[in-house]
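Okay, so here's the structure we're looking at.
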Amino acid sequence: MDEDGARVFFGSRHSVRNFDPDNVPTEGELRSIVELARNTPSVCNRQGFRVHMYRSREDIDAILKIQNGATGFAHVVPAVGVVTARRALFVGPDERNQRWVDGGLFAMTLVWAAHARGFATCMLNWSLPSVSSARLRKVADIPEGEDIVVVIAFGHAKEGARVARSQKRSIDDLAWFHP
1 MDEDGARVFF GSRHSVRNFD PDNVPTEGEL RSIVELARNT PSVCNRQGFR VHMYRSREDI
61 DAILKIQNGA TGFAHVVPAV GVVTARRALF VGPDERNQRW VDGGLFAMTL VWAAHARGFA
121 TCMLNWSLPS VSSARLRKVA DIPEGEDIVV VIAFGHAKEG ARVARSQKRS IDDLAWFHP
């Protein structure tokens with residue numbers, strides 16, 4: 001991809017909250033997104049992350065009710081991925097935060113892979129107490145040894161859907177170039 005192509009690709013992704021609820025991604029389509037994302041960098045190439053994908057309305061509603069950040073559009077989300085990190089693969093005090101870093105990198109790569117495949121996404125944070133994580137593990141059949149990193153809505157934007165566009169910070173604000 002040349003620089004112009006990269007600018008177009010990275011500049012064209014936006015969070016979508018107005019999904020087409022009738023256009024549910026197939027398991028094969030979701031697998032193709034994971035296929036692209038499995039090359040996500042991770043500490044020592046451990047790949048201590050995982051995504052649990054859900055396409056049933058019942059599962060999506062239960063997950064998003066606990067997540068509680070999609071109340072205005074949860075009913076139109078056609079698929080959800082719950083990104084987790086496998087706790088046992090990160091040991092010792094020096095790695096206490098690494099699972100969150102690796103899980104976040106995987107989530108970001110899933111979002112870009114979905115965009116590359118023509119899907120819309122919305123990152124739904126998981127800044128909730130451990131009791132909510134326990135509830136989600138039970139409802140979504142997620143093993144106890146996996147920490148929940150983030151929830152991602154997947155689907156196709158509804159025809160003609162408007163998306164929020166926020167002003168991006170300047171390069172000088174984002175990066176300091178030291179001599």
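For the sequence shown, position 161 (counting from the first letter as 1) is numbered 161 according to the UniProt record's numbering, and the numbering increases by one without interruption. All C-beta atoms in this analysis are idealised placements derived from N, C-alpha and C, irrespective of residue type, glycine included.
Span separating the alpha-carbon of K158 from that of N18:
6 Å
Less than 8 Å between the C-beta atoms of G48 and R99, yes or no?
yes
Nearest residue (CA-CA) to A134, options V16, R13, T84, V43:
T84
Should the stretch 124 to 140 be called in touch with the stretch 29 to 49, which here means at least 3 C-beta pairs below 8 Å?
no
I'd like the span of the beta strand (DSSP E) that includes F106, first residue to last.
Element bounds for F106: not the beta strand (DSSP E) but the alpha helix (DSSP H), 98 to 116.
For A121, which of D59, A79, S170 has the nearest alpha-carbon?
Note that residue 121 is Thr in the sequence shown, not Ala. The residue with the shortest Cα to Cα distance from T121 is A79.
Quick one: what's got a C-beta closer than 6 Å to R13's C-beta in the same chain, skipping five residues either side?
H115
Contact check, W126 vs V151, beta carbons under 8 Å:
yes
With distances taken Cα to Cα, identify the nearest neighbour of V51 among G81, G72, R117.
G81
Along the chain, where does the beta strand (DSSP E) containing E146 start, and where does it finish?
146 to 155
Unbroken alpha helix (DSSP H) run spanning residue 193, endpoints:
There is simply no residue 193 to check, as the chain begins at 1 and stops at 179 in what is shown.
Report, in whole angstroms, the separation of the C-beta atoms of D59 and G155, which I expect to be a contact under 8 Å.
About 14 Å separates the two Cβ atoms, so there is no contact after all.
Can you pull the DSSP bridge partners for S15?
T121
Comparing alpha-carbon positions, which option in F10, R86, K168 lies nearest V149?
R86
Buried or exposed, going by whether 16 or more other CB atoms sit within 10 Å of the CB of S42?
buried
Nearest to A56 by CA position, among T26, L36, S15, R38, is which residue?
What sits at residue 56 in the sequence shown is Ser, not Ala. That would be T26, whose Cα lies nearest to the Cα of S56.
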